[in-house]
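Q: Numbering (numbering that gives the first Met the number 0), first residue to last: 0 to 189. A virtual CB, placed ideally from N, CA and C, is assigned to each residue, including glycine.
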Amino acid sequence: MERVRVSPNVFLPMPVVLVGTRLGSRANFMPVGWCCRANLAPPMLCCGIHRAHATPTGIRETGTFSVNVPSAAQMEATDYCGLVSGAGVDKSEVFEVAWGELGSAPMIADCPVAMECRVVEIVSLPSHDLVIGEIVAAYADPAVLRDGRVEMDAVDPLVLTMPDNTYRSLGDERGRAWSAGQGLKAERGG
Ligand SMILES: Cc1cc2nc3c(=O)[nH]c(=O)nc-3n(C[C@H](O)[C@H](O)[C@H](O)COP(=O)(O)O)c2cc1C
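#1: Alpha carbons only, please: which of S178, S168 and A185 is nearest the one belonging to M13?
#2: Cutting at 7 Å between CB atoms, please list the residues of its own chain near A86, excluding the five before and the five after it.
#3: Is it the case that the Cβ atoms of M229 and V15 are separated by a distance below 8 Å?
#4: Between E186, R59, F10 and A40, which lies nearest to I121 when the distance is taken from Cα to Cα?
#5: Give the DSSP-derived three-state secondary structure of G81 in the structure shown.
#6: For a test of your reading of the model: does the CB of D163 fall under 7 Å from any non-hydrogen atom of ligand 1? Yes or no.
#7: I need the boundaries of the alpha helix (DSSP H) containing P30, first residue and last residue.
#8: Sorted by chain position, which residues of the same chain lie with C-beta nearer than 7 Å to A26's C-beta, five sequence neighbours on each side aside?
#9: How about T63: is its Cβ closer than 7 Å to a heavy atom in ligand 1?
#10: For V130 versus C45, is the C-beta spacing smaller than 8 Å?
#11: Run through DSSP, which three-state label would E95 get?
#12: What do you reckon, are the CB atoms on D155 and A40 nearer than 8 Å?
#13: DSSP state of D140, grouped into three classes?
#14: Identify, in the order they occur along the chain, each residue of the same chain with its Cβ nearer than 6 Å to the Cβ of V31, setting aside the five sequence neighbours on each side.
#15: May I have the straight-line CA-CA distance separating N67 from L144, to the nearest angstrom?
#16: Going by CA-CA distance only, name the one from S178, T63, S126 and G81 that's closest to E100.
#17: Decide if R21 is buried, meaning its Cβ has at least 16 other Cβ atoms within 10 Å, or exposed.
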């Protein structure tokens with residue numbers, strides 16, 4: 000295969016989440032594509048958040064934040080939250096807000112999945128804060144549960160691709176993870 004060098008600013012396909020924080024007394028939400036699970040037990044995740052945004056202030060002040068998974072039906076409101084900053088615009092009424100056991104991490108009542116997180120560590124990178132949080136509680140709309148587990152097809156999450164800055168949906172199922180390679184493993188050993 001021929002290969003050429005490209006910009007090192009290469010992006011992976013990303014889940015789109017809304018990070019919720021309390022700014023002063025009001026709820027604030029920002030979309031984040033740079034979010035992934037970081038630890039199994041206790042369950043942790045991490046988000047890369049630019050320090051110029053209002054959200055890091057709320058996270059540092061409360062030591063908590065929420066991660067909400069919007070469905071594709073919530074794309075317009077999600078994108079709006081990425082166009083304006085809580086520093087100058089009140090975003091607290093874009094969604095119906097729900098407060099959980101932490102009391103300081105506003106969640107979005109209508110997102111099919113929402114998590115409350117307590118900050119474990121914030122790693123200051125040159126432009127972004129890598130915020131690592133423990134998921135202390137998670138909530139789901141019963142309509143997206145199958146046998147008590149979240150069914151991603153029912154959630155219908157948004158997937159963000161860059162550099163084309165496009166929201167997409169989940170694609171077709173292609174195979175089972177930890178299973179698709181079993182034939183090769185049997186052939187090659189290990
Ligand atoms: C789809 C989408 C994904 C985004 N992902 C990130 C991200 O991962 N990290 C980040 O720092 N900003 C990201 N942004 C930009 C912020 O969401 C945006 O600047 C927002 O207005 C900041 O809000 P705040 O100032 O109220 O915190 C994203 C924006 C959009 C639309």
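A: In this structure, then:
#1: As a first step, residue 13 is located in the sequence shown; it is residue number 14 there, counting from the start. Taking the Cα of M13 as reference, the smallest distance to any Cα among S178, S168 and A185 is reached at S168.
#2: In the sequence shown, counting from the first residue as 1, residue 86 sits at position 87. A distance below 7 Å between beta-carbons, with the five flanking residues on each side excluded, links A86 to the following residues of its chain, in chain order: A53.
#3: In this structure the chain extends from 0 to 189, so residue 229 is not present and cannot be described.
#4: If you number the sequence shown from 1, residue 121 lands on position 122. For the residues E186, R59, F10 and A40, the minimum Cα distance to I121 belongs to R59.
#5: As a first step, residue 81 must be located in the sequence shown, where it is residue number 82. DSSP places G81 within a helical segment (H, G or I) once states are collapsed to three.
#6: On the sequence shown, position 164 is the one that residue 163 refers to. Relative to ligand 1, the beta carbon of D163 is positioned no closer than 7 Å to any heavy atom.
#7: Against the sequence shown, residue 30 aligns to sequence position 31. Looking at the DSSP string, P30 is not in any alpha helix (DSSP H); the run it does join, the beta strand (DSSP E), is R25 to V31.
#8: Counted from its first residue, the sequence shown places residue 26 at position 27. Cβ contact annotation for A26 (same chain, cutoff 7 Å, sequence separation greater than five): G19, S91, V96 and P105, in chain order.
#9: Taking the sequence shown and counting its residues from 1, the one referred to as residue 63 is at position 64. Distances between the C-beta of T63 and the heavy atoms of ligand 1 are all 7 Å or more.
#10: Here residue 130 refers to the residue found at position 131 when the sequence shown is read from its first residue. Here residue 45 refers to the residue found at position 46 when the sequence shown is read from its first residue. Contact: yes.
#11: Reading the sequence shown from its first residue, position 96 is the one you call residue 95. Per DSSP, reduced to three states, the secondary structure at E95 is coil, with no helix or strand assignment.
#12: Taking the sequence shown and counting its residues from 1, the one referred to as residue 155 is at position 156. Taking the sequence shown and counting its residues from 1, the one referred to as residue 40 is at position 41. Contact: no.
#13: Here the question's residue 140 lines up with position 141 in the sequence shown. If DSSP states are grouped into helix, strand and coil, D140 belongs with coil.
#14: As a first step, residue 31 is located in the sequence shown; it is residue number 32 there, counting from the start. Listed in chain order, the non-local C-beta contacts of V31 below 6 Å within the same chain comprise V16, V18 and C46, local neighbours out to five positions each way being set aside.
#15: Here residue 67 corresponds to residue number 68 of the sequence shown, with the count starting at 1. Here residue 144 corresponds to residue number 145 of the sequence shown, with the count starting at 1. Rounded to the nearest angstrom, the gap between the Cα atoms of N67 and L144 is 16 Å.
#16: Residue numbering aside, residue 100 sits at position 101 when the sequence shown is read from its first letter. When only C-alpha atoms are compared, the closest one is T63.
#17: Here residue 21 corresponds to residue number 22 of the sequence shown, with the count starting at 1. Around the beta carbon of R21, 16 or more other beta carbons lie within 10 angstroms, which makes this residue buried.
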